[in-house]
Amino acid sequence: MTDPQATTVAALLDRHAGMLLDVYGVLFDARGPLPGAAELLAMLERRGTPYRIVTNDASRSQATYAARFARHAITLAPERFCTSGSLLPGYFAAHGLVGARTLVLGTEDSIAFVREGGGEPIALANDLPQIDAIAVCDDSGFDFLRGIEQALGAIVRSVEAGHVPALILPNPDLVYPKGGGELGFTAGSIALLLEAALARRFPGAELRFTHLGKPEPHLFRAAAAQLDLPIDQLVMIGDTLETDIAGARAAGCAAALLAGVSSWHHARETATIIPDYLLASL
Ligand SMILES: [Mg+2]
Numbered sequence: 000m001t002d003p004q005a006t007t008v009a010a011l012l013d014r015h016a017g018m019l020l021d022v023y024g025v026l027f028d029a030r031g032p033l034p035g036a037a038e039l040l041a042m043l044e045r046r047g048t049p050y051r052i053v054t055n056d057a058s059r060s061q062a063t064y065a066a067r068f069a070r071h072a073i074t075l076a077p078e079r080f081c082t083s084g085s086l087l088p089g090y091f092a093a094h095g096l097v098g099a100r101t102l103v104l105g106t107e108d109s110i111a112f113v114r115e116g117g118g119e120p121i122a123l124a125n126d127l128p129q130i131d132a133i134a135v136c137d138d139s140g141f142d143f144l145r146g147i148e149q150a151l152g153a154i155v156r157s158v159e160a161g162h163v164p165a166l167i168l169p170n171p172d173l174v175y176p177k178g179g180g181e182l183g184f185t186a187g188s189i190a191l192l193l194e195a196a197l198a199r200r201f202p203g204a205e206l207r208f209t210h211l212g213k214p215e216p217h218l219f220r221a222a223a224a225q226l227d228l229p230i231d232q233l234v235m236i237g238d239t240l241e242t243d244i245a246g247a248r249a250a251g252c253a254a255a256l257l258a259g260v261s262s263w264h265h266a267r268e269t270a271t272i273i274p275d276y277l278l279a280s281l
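For the sequence shown, position 74 matches number 73 in numbering that gives the first Met the number 0, and the numbering has no gaps at all.
Shown next as structure tokens:
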């Protein structure tokens, strides 16, 4: 196998008109900014380089993200953040879901994204009546097991009534790093639980969630549209082959793997997803 080209951020900026940056494992971890992140963002701002920060996180609004970065002395405009949650309003509009009675598993910010899209968020409760949609955004913001069971009950009752709700998964990630080597389950794992239970209850019905975040192409396309650049003039920097690199390549933009979750040294023998570049650091 030919290894991808080892390169530097400076060389990427010479070669590509715009840049997309992952958050976890590239700019931040659970504790705060990673080495080089603040310097890179300051340089992009100074040079006026078109860029977006693209993340599967569907638990924080762009304003909440900007405030979080600001607490670490990194001042960015909210529109710099392109999150999987921020795809929800457009998804609702494009799929006839204005007015849809929608269960939201997630935070207040997740619920606000659904409301912005014209959905009518309904609170988790026992014995919920028929719903039109469910958006599984995050593992936080609700009582985890009870909330999942209440959601399952509402989906089952709706399907039994002949009304299959729209199943929407902004953040398809299964786990996230909690810091100190610990992992947490997140939205993608919740959707798998629900799908497995629904497959048992309704064999052959193929009830599956629609994924919005990476590795689907939607976030990359949204970022390119916001930057008003053709997607093939962008380069994505990410630390995960299966989401950042696979998604970027499928969407048509170049992809640089930063040493991290998917260290190329370990992945290269069996990898089917090949980045264009390798970065040792930011
Ligand atoms: Mg990452």
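Glycine included, each C-beta is placed from N, C-alpha and C at the ideal position.
Treat the numbers as computed from the prediction; the structure is a model and nothing was measured.
Ligand 1 and residue i: does any heavy atom of the ligand fall closer than 6 Å to the residue's C-beta?
i, result
"ALA246", "For the record, residue 246 in the displayed sequence is Gly; it is not Ala. No, Cβ of GLY246 sits at least 6 Å from all heavy atoms of ligand 1."
"THR7", "no"
"TYR23", "yes"
"THR106", "no"
"THR185", "no"
"THR286", "This structure cannot speak to residue 286, because the chain is shown only from 0 to 281."
"THR239", "yes"
Determine the burial state of residue i: buried for a count of at least 16 other Cβ atoms within 10 Å of its Cβ, exposed for fewer.
i, result
"ARG51", "buried"
"ASN170", "buried"
"ASN55", "buried"
"GLU181", "exposed"
"ASP138", "buried"
"GLY116", "buried"
"LYS213", "buried"
"ASP2", "exposed"
"ALA122", "exposed"
"PHE143", "exposed"
"VAL113", "buried"
"HIS162", "exposed"
"ALA66", "exposed"
"ARG100", "buried"
"THR106", "buried"
Kindly indicate which residue of the options has the alpha-carbon position closest to the one of residue i.
i, options, result
"VAL97", "GLY105, PRO88, VAL103", "PRO88"
"GLU44", "GLU215, ILE73, THR7", "ILE73"
"ILE244", "LEU228, LEU277, THR106, ALA66", "LEU277"
"GLY118", "SER188, ALA247, PHE91", "PHE91"
"SER280", "LEU75, PRO229, ALA37", "ALA37"
"GLY152", "GLU194, THR185, PHE184", "GLU194"
"GLN129", "LEU226, GLU159, ARG59", "GLU159"
"PRO49", "LEU26, MET235, THR271", "MET235"
"ALA69", "ALA122, GLY84, VAL135, LEU40", "LEU40"
"ASP108", "GLY95, HIS94, ALA124, PHE141", "PHE141"
"LEU104", "ASP21, ALA5, ARG267, THR185", "THR185"
"LEU26", "ARG220, THR269, VAL53", "VAL53"
"CYS81", "ARG59, ARG100, ALA134, ALA99", "ARG59"
"THR239", "ASN125, ALA255, ILE189", "ALA255"
Compute the beta-carbon to beta-carbon distance between residue i and residue j, rounded to the nearest angstrom, for a pair I have assumed lies under 8 Å.
i, j, result
"HIS217", "LEU168", "About 12 Å separates the two Cβ atoms, so there is no contact after all."
"TYR23", "PRO176", "7 Å"
"LEU166", "PHE208", "4 Å"
"ALA250", "LEU86", "Their Cβ separation, rounded to whole angstroms, is 13 Å, which puts ALA250 and LEU86 out of contact at 8 Å."
"ILE133", "ALA111", "Actually they do not touch by this definition, with Cβ atoms about 17 Å apart."
With 7 Å as the threshold, decide whether the Cβ of residue i is near any Cβ in chain D.
i, result
"LEU278", "Among the chains of the structure shown, chain D does not appear; only one protein chain is present."
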